[in-house]
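All remarks here apply to the structure that follows.
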Amino acid sequence: MDKLFQLSAHNTTIGRELSAGLISYITVVYIIIVNATILSAAGIPLEAGIIATILTVFLGCLLMGFWSNTPILVIPGMGLNAMFTYTIVQSGGFAWQEALAMVFVSGILFMILAFTPIAKTIVASIPDSLKEAITVGIGILLILIGFDNSGIITSSEHTLLAVGNLSSSTALITLVGLIVTVILFLKNIPGNLLLSIIFTAILSIVFGDFEGNGFSWSMPSFTEYTSVFGQLSFAQAGNFVFWLTAFSLAMVVIFENIGLIHGHTKMLNQTQKNKKALQANAISVATAGIFGTSPTVSSIESAAGIAAGGRTGLTSIFTGILFLASLVLIPVIKIVPESAVSPVLILIGVLMLQNITNIKLDDLLESFPALLIIVLIPLTYSIADGMAIGFILYPLMKLLMGEGREIQPALYMIALLFLGNFVLQYAL
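Note that the sequence shown ends on residue 427 in numbering that gives the first Met the number 0; no numbers are left out.
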């Protein structure tokens, strides 16, 4: 074990790594029900989504642990699951099977970049303001989804959006759950998001805001899951929009993972492992499409395991094994009401919103395209369309201001791809 994971070289022990793995699991296990709930809105059966999430995390953590030997967790990304369901399926009109094919394609593109020097070229061409804007825009979208699912915000014929029925049990339970979620987070209590979901679920049951799917303790049935596993559909592969959407998804996946992995390896003082961690993550994204879920990311919650002393891949492997063991908890996970998930979506959205401080708001040439991305992602309910406007406008404004030479060719190519998509969708 010491030789495989270089425990002595990393000044750690098996006990410390397993303890960090347990803490990591408690911190991030909430993703099982949250991700499956979002996927169910795309048409993927809830139990199948739960199994897909568990298996994807299990394999992703094993890949990260064995390939890069880092304590980084790999889970379906918040924001990316929203893009999968609300942008690609609901707004884009693609079937969830076609969306899974896009996840697979984005993973292949990510792998090409991760195993070649191309990644540095593309990432370097994208200004930081646009990268941060994507994160902020997705954060606002998650907040909107959380409030919409709970009935706190509803659609309106006169004002687009309006305050819903705040006296309804769902809205009240969500608001109470949100307050508790924030307090638990501020107190830095281990497993705060999991505890929040449990608390809000109990409230829903006590006050009758609970439909119930019929509880029976039995091992999960993989019969339903077979209708999801490997069901990628390339029926729309002849459609240019299919490939551009997959490209947009890949862009978000790549930007998010590069930033997260760099942050984690820097925290570990192991930046030399960046490349292998990125490669493991890229493979995981491709397999996510096969298993039946949205793309994976190097979880921000990995910091909890690192803070607990995790230094090697043994931490992430143990976390992955604990996720696999969670299959026996599926009967409990299935009865968690949607109102228990909404507070978590809202809090995560708020945390992502804080990235706006990294945008130079006093420089209008930099901030204007970024702010349009931030506003248009939630207003259009489309991460891809919001991105497109900003990525087209940024190089255009630079050209018009006589600063076109500052733009790298890769960004011009990306802008032309997005522009071509708009022409095909709306002008022809």
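The C-beta atom is built at its ideal place from N, Cα and C for all residues, glycine as well.
Source: prediction; values computed, not measured.
Can you tell me which of the options puts its alpha carbon nearest to the alpha carbon of residue i?
i	options	result
residue 106	384, 339, 321 and 282	282
residue 323	345, 61 and 33	61
residue 240	32, 86 and 50	86
residue 229	257, 286, 118 and 236	286
residue 384	123, 82 and 152	82
residue 96	46, 226 and 90	226
residue 174	198, 38 and 155	198
residue 318	57, 206, 274 and 9	57
residue 329	221, 167, 201 and 202	221
residue 421	326, 224, 91 and 84	91
Determine the burial state of residue i: buried for a count of at least 16 other Cβ atoms within 10 Å of its Cβ, exposed for fewer.
i	result
residue 127	exposed
residue 478	Here the chain has residues from 0 to 427 only, and residue 478 is not among them.
residue 265	exposed
residue 439	Because the chain in this structure spans residues 0 to 427, residue 439 falls outside the shown range and cannot be described.
residue 276	buried
residue 68	buried
residue 10	exposed
residue 412	exposed
residue 140	buried
residue 188	exposed
residue 63	buried
residue 162	exposed
residue 219	buried
residue 271	exposed
residue 306	exposed
residue 185	exposed
residue 36	buried
DSSP state of residue i, grouped into three classes?
i	result
residue 352	helix
residue 7	coil
residue 70	coil
residue 28	coil
residue 297	strand
residue 75	strand
residue 269	coil
residue 157	coil
residue 304	helix
residue 87	helix
residue 287	helix
residue 186	coil
residue 282	helix
residue 93	coil
residue 169	helix
residue 340	coil
residue 318	helix
Which partner residues of residue i appear in the DSSP bridge assignment?
i	result
residue 152	162
Please decide whether residue i counts as near chain B, where near means a Cβ-Cβ distance under 8 Å.
i	result
residue 74	Of the protein chains in this structure there is only one, and it is not chain B.
Are the region 259 to 267 and the region 231 to 251 touching by the rule of at least three beta carbon pairs closer than 8 Å?
Below 8 Å, too few C-beta pairs join the region 259 to 267 and the region 231 to 251 to call them touching: fewer than three.
Under 8 Å, with one C-beta from each stretch per pair, do the region 358 to 372 and the region 60 to 77 reach the 3-pair mark?
Output reads no: the region 60 to 77 does not touch the region 358 to 372.
Quick test of the definition: if touching needs 3 or more C-beta pairs under 8 Å, does the region 288 to 295 touch the region 150 to 170?
Pairwise C-beta distances place the region 288 to 295 out of contact with the region 150 to 170, as fewer than three of them are shorter than 8 Å.
Does the region 351 to 358 come close enough to the region 389 to 409 that 3 or more CB-CB pairs lie under 8 Å?
Contact fails: fewer than three Cβ-Cβ distances are below 8 Å.
Can at least three beta-carbon pairs, one atom from the region 30 to 42 and one from the region 307 to 321, be found at a separation below 8 Å?
No, because fewer than three Cβ pairs between the region 30 to 42 and the region 307 to 321 fall closer than 8 Å, the two stretches do not touch.
Using 8 Å as the Cβ pair cut-off and three pairs as the minimum, do the region 117 to 136 and the region 398 to 418 touch?
Contact check between the region 117 to 136 and the region 398 to 418: three or more CB pairs, one atom from each, fall below 8 Å, which counts as touching.
Could you check whether the region 249 to 257 touches the region 106 to 119, counting it as contact only if at least three pairs of C-beta atoms, one from each stretch, sit closer than 8 Å?
Contact holds: three or more Cβ-Cβ distances are below 8 Å.
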